[in-house]
Amino acid sequence: MELGEDGARVVPWAVTDNGECLYWLVRPGLAPDRWTVMVNEARGARWEHFSVSCTRFLASVLSGELRSDVLSSSFPRAVHAFRPLGPA
(Lines of atoms letter the chains of each structure in order from A and count residues from 1; the text may use other names and numbers.)
(Lines give C-alpha, C1' and ligand atoms only; values in the text may rest on other atoms or scores of the structure.)
Protein backbone atom coordinates (compact mmCIF):
# COMPACT_ATOMS: atom_id res chain seq x y z
CA MET A 1 0.00 0.00 0.00
CA GLU A 2 2.71 2.51 0.99
CA LEU A 3 4.75 1.66 -2.10
CA GLY A 4 1.76 2.18 -4.40
CA GLU A 5 1.95 5.97 -4.07
CA ASP A 6 3.29 7.65 -7.22
CA GLY A 7 6.93 8.55 -6.72
CA ALA A 8 7.33 6.56 -3.48
CA ARG A 9 10.53 4.55 -3.22
CA VAL A 10 12.62 2.76 -0.63
CA VAL A 11 16.24 3.40 0.33
CA PRO A 12 18.05 0.58 2.17
CA TRP A 13 19.83 1.46 5.42
CA ALA A 14 20.28 -1.81 7.34
CA VAL A 15 20.16 -5.59 7.20
CA THR A 16 19.86 -8.09 10.04
CA ASP A 17 21.95 -11.23 10.58
CA ASN A 18 18.90 -13.19 9.44
CA GLY A 19 18.64 -11.26 6.16
CA GLU A 20 15.72 -8.92 6.77
CA CYS A 21 16.20 -5.56 5.09
CA LEU A 22 15.27 -2.20 6.59
CA TYR A 23 14.45 0.76 4.37
CA TRP A 24 13.44 4.39 4.56
CA LEU A 25 10.14 4.99 2.82
CA VAL A 26 10.73 8.10 0.72
CA ARG A 27 7.60 9.92 -0.40
CA PRO A 28 7.51 12.84 -2.83
CA GLY A 29 7.73 16.22 -1.11
CA LEU A 30 8.53 14.71 2.29
CA ALA A 31 11.67 15.97 4.05
CA PRO A 32 14.18 13.26 5.07
CA ASP A 33 13.47 13.82 8.77
CA ARG A 34 9.89 12.66 8.05
CA TRP A 35 10.82 9.41 6.27
CA THR A 36 9.42 6.29 7.92
CA VAL A 37 10.60 2.67 8.08
CA MET A 38 9.75 -0.31 5.90
CA VAL A 39 10.94 -3.83 6.78
CA ASN A 40 11.14 -6.65 4.22
CA GLU A 41 11.30 -10.24 5.40
CA ALA A 42 14.37 -12.35 4.63
CA ARG A 43 13.91 -14.35 1.45
CA GLY A 44 10.27 -13.38 1.13
CA ALA A 45 7.74 -10.85 -0.09
CA ARG A 46 6.20 -9.68 3.21
CA TRP A 47 6.61 -6.03 4.17
CA GLU A 48 5.80 -4.03 7.28
CA HIS A 49 5.51 -0.27 7.60
CA PHE A 50 6.34 1.60 10.80
CA SER A 51 5.27 5.24 10.97
CA VAL A 52 8.37 6.28 12.88
CA SER A 53 11.85 7.57 12.06
CA CYS A 54 14.73 5.11 11.84
CA THR A 55 16.17 6.30 15.16
CA ARG A 56 12.80 5.86 16.90
CA PHE A 57 12.42 2.46 15.20
CA LEU A 58 15.85 1.28 16.40
CA ALA A 59 15.37 2.55 19.95
CA SER A 60 11.87 1.03 20.17
CA VAL A 61 12.67 -2.34 18.63
CA LEU A 62 15.88 -2.79 20.65
CA SER A 63 14.12 -1.89 23.90
CA GLY A 64 11.23 -4.27 23.14
CA GLU A 65 8.69 -1.43 23.02
CA LEU A 66 7.98 -2.15 19.34
CA ARG A 67 7.42 -5.62 17.87
CA SER A 68 7.62 -6.77 14.27
CA ASP A 69 5.93 -9.75 12.63
CA VAL A 70 8.57 -9.73 9.89
CA LEU A 71 11.79 -9.57 11.90
CA SER A 72 13.12 -12.89 13.17
CA SER A 73 11.68 -14.06 16.48
CA SER A 74 15.26 -14.03 17.83
CA PHE A 75 15.55 -10.29 17.10
CA PRO A 76 16.68 -8.39 19.00
CA ARG A 77 19.34 -10.41 20.74
CA ALA A 78 20.16 -9.69 24.37
CA VAL A 79 23.48 -8.14 23.35
CA HIS A 80 23.33 -5.58 20.54
CA ALA A 81 26.16 -4.82 18.15
CA PHE A 82 26.68 -2.40 15.28
CA ARG A 83 28.87 -3.40 12.36
CA PRO A 84 29.15 -0.86 9.56
CA LEU A 85 28.87 -2.31 6.09
CA GLY A 86 31.83 -1.92 3.78
CA PRO A 87 31.72 -0.68 0.21
CA ALA A 88 29.49 -2.70 -2.11
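The opening residue of the sequence shown carries number 64 in my numbering; numbering runs sequentially from there. All C-beta atoms, glycine included, are put in the ideal place defined by N, C-alpha and C. Quick caveat, the model's predicted, so the values are computed rather than measured.
#1: In terms of DSSP beta bridges, what is Pro75 paired with?
#2: Does the separation of the CB atoms of Glu68 and Arg97 fall below 9 Å?
#3: Which partner residues of Trp110 appear in the DSSP bridge assignment?
#4: Buried or exposed for Glu83, going by 16 or more other Cβ atoms inside 10 Å?
#5: Looking at the secondary structure, which residues open and close the alpha helix (DSSP H) in which Pro126 lies?
From the atom records:
#1: The sequence position of residue 75 within the sequence shown is 12, counting from 1. According to DSSP, Pro75 bridges with Tyr86.
#2: Start at 1 with the first residue of the sequence shown, and residue 68 comes out as number 5. Start at 1 with the first residue of the sequence shown, and residue 97 comes out as number 34. The answer is no: Cβ separation not under 9 Å.
#3: Within the sequence shown, numbered from 1, the residue matching residue 110 stands at position 47. Looking at the DSSP assignment, Trp110 forms a beta bridge with Asn103.
#4: As a first step, residue 83 is located in the sequence shown; it is residue number 20 there, counting from the start. When all chains shown are included, Glu83 counts as buried.
#5: Here the question's residue 126 lines up with position 63 in the sequence shown. Residue identity check: residue 126 is Ser in the sequence provided, not Pro. Per DSSP, Ser126 belongs to the alpha helix (DSSP H) from Cys117 to Ser126.
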